[in-house]
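K.L.:
So the protein sequences, as listed, match chains S and R. The first sequence lines up with residues 3 to 115 when you count with our numbering. The second sequence lines up with residues 27 to 139 when you count with our numbering.
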Amino acid sequence: AQSVTQLGSHVSVSEGALVLLRCNYSSSVPPYLFWYVQYPNQGLQLLLKYTSAATLVKGINGFEAEFKKSETSFHLTKPSAHMSDAAEYFCAVSDKGNNRLAFGKGNQVVVIP
Amino acid sequence: DVKVTQSSRYLVKRTGEKVFLECVQDMDHENMFWYRQDPGLGLRLIYFSYDVKMKEKGDIPEGYSVSREKKERFSLILESASTNQTSMYLCASSFSGLYGELFFGEGSRLTVL
């Protein structure tokens, strides 16, 4: 069964600094990978996804992630944090042919002015 | 845009009450899901459904049941609410051909007193 590891439940970043959220997955077959964002008191919305095309994936709000098969990783980055990036971020994985997503435990991002 | 609508954003119930959480999606998605979200635990899958009248247990089905009588509607039922079911409940739907990408509702925050 697939699984996702996100380390560091809370991440603090200064406004204007790099945002880096790490995601490692385990999957017995080539995966589909997702990053979702959740703003306070809202549901999750898709930030970006990897579906076996380009390994560098660009998403909304200036975020991007790179799929590295050798490292089983799909880390999320944004060059310059903005106050509006304060939210919780979830990495998720699904296997081809499997409609279930496995989620990581999330990273709560705090942006310091 | 895909819209997943959860009937109640906030509910307060008493121990032992029967609770219905309803979810409706408007994109003709085959798959629907109920998750529970708790701080530090991420999203945990309660039940999911691949088709009308079909249901499968997720990772934490105990104390819950579901109903899917129509394709667009998926209900979560707490037969006898308990305080440890105080949580955020998220409904999601997906199309079978979209790599497992989920579309979420806004969430229902349930407090059981």
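By construction, the Cβ of each residue, glycine as well, lies at the ideal position given by its N, Cα and C atoms.
#1: Under a Cβ-count criterion, where at least 16 other Cβ atoms within 10 Å of its own Cβ denotes burial, should R/Ser108 be classed as buried or exposed?
#2: Could you spell out where the beta strand (DSSP E) holding S/Gln40 opens and where it closes?
#3: Any C-beta of chain B within less than 7 Å: which residues of the stretch 111–139 of chain R qualify?
#4: Considering only residues of the stretch 68–112 of chain S, which uninterrupted beta strand (DSSP E) runs meet the minimum length of 3 residues and lie entirely inside it, listed in chain order?
#5: Counting only beta-carbon separations shorter than 8 Å, does R/Leu67 have a partner in chain S?
#6: Below 8 Å between beta carbons is the criterion; list the residues of the stretch 40–70 of chain S that meet it against any residue of chain R, in chain order.
#7: Taking beta-carbon pairs under 8 Å, can you tell me which members of the stretch 101–115 of chain S lie near chain R?
#8: Thinking C-alpha only, which one of R/Lys39, R/Glu127, R/Leu102 is nearest R/Arg62?
#9: Would you verify that the beta carbon of R/Phe74 is, or is not, closer than 8 Å to some beta carbon of chain S?
#10: By a C-beta neighbour count over all protein chains shown, 10 Å radius and 16 as the cutoff for buried, is S/Pro42 buried or exposed?
#11: Go ahead and label R/Tyr36 buried or exposed: buried means 16 or more other beta carbons lie within 10 angstroms of its beta carbon, across all protein chains shown.
#12: If the criterion is Cβ atoms closer than 8 Å, does the pair S/Asn109 and S/Gly18 meet it?
#13: What does the alpha-carbon distance come out to for the pair R/Gly42 and R/Leu116?
P.N.:
Let me spell this out:
#1: exposed
#2: 33–40
#3: No chain B appears in this structure, whose protein chains are S and R.
#4: 75–80, 89–97
#5: yes
#6: Asn43, Gln44, Gly45, Leu46, Gln47, Leu48, Lys51, Thr53
#7: Asn101, Arg102, Leu103, Phe105, Gly106, Lys107, Gly108
#8: R/Leu102
#9: yes
#10: exposed
#11: exposed
#12: no
#13: 22 Å
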